[in-house]
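Take a look at the structure set out below.
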Amino acid sequence: MSSAGTRFRLFPRPPFLHPEWPPELVHVSTPLHRIGPGPSDDRIYVIDPVGKRSPYGINELPFGRSYMDMPPWRGPIRPPALPGPDGHFDHIALDAPEFEQVHVYGA
26 MSSAGTRFRL
36 FPRPPFLHPE
46 WPPELVHVST
56 PLHRIGPGPS
66 DDRIYVIDPV
76 GKRSPYGINE
86 LPFGRSYMDM
96 PPWRGPIRPP
106 ALPGPDGHFD
116 HIALDAPEFE
126 QVHVYGA
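Position one of the sequence shown corresponds to residue 26 (my numbering), numbered consecutively onward.
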């Protein structure tokens, strides 16, 4: 396993299907301290929207109508996941709301 990059813990299989499998420690290629809160970097960022009821894309309305929901989300968001003092994201507890944000970025 390479130690270059930034550490994350990711589930190799959905934990609801394989609860006995722990997350794996992985390194993404982005160098340490180049991934900021969110997580975010110069190309992508993760937010955890509050109150978003439908996914991005085409959504159905009653009576056969539809609408297009596209980013960016302009509503409230939960606090971003923060890197540890060492710059890695593998310190976040699995049951913390921020873990999902970290998992999305790392995957």
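Every residue, glycine too, gets a C-beta built ideally from N, C-alpha and C.
Remember, predicted model here, so these are calculated numbers, not experimental data.
Nearest to residue i (by Cα), restricted to the options the options
i: valine 127; options: Pro64, Tyr81 and Met93; result: Pro64
i: glycine 131; options: Tyr70, His43 and Glu45; result: Tyr70
i: arginine 99; options: Pro74, Val53, Pro80 and Asp111; result: Pro74
i: proline 110; options: Arg59, Pro44 and Leu50; result: Arg59
Rounded straight-line distance, which links the Cα of residue j to that of residue i
i: proline 16; j: phenylalanine 41; result: Residue 16 lies beyond the stretch modelled for the chain, which goes from 26 to 132, so this question has no answer here.
i: methionine 93; j: proline 39; result: 29 angstroms
i: aspartate 120; j: proline 105; result: 15 angstroms
i: proline 101; j: glycine 76; result: 8 angstroms
Min CB distance residue i to chain C below 8 angstroms
i: aspartate 67; result: Absence of chain C from the displayed structure is noted, only one protein chain being present.
Assumed close pair residue i, residue j - CB separation to whole angstroms, cut-off 8 angstroms
i: proline 122; j: arginine 103; result: 6 angstroms
- Sufficient close CB pairs (3 or more, under 8 angstroms) joining the stretch 29 to 39 to the stretch 98 to 117: yes
- Item | 3-residue-minimum beta strand (DSSP E) runs that sit fully inside the stretch 28 to 76, ordered along the chain | 31 to 35 and 49 to 53
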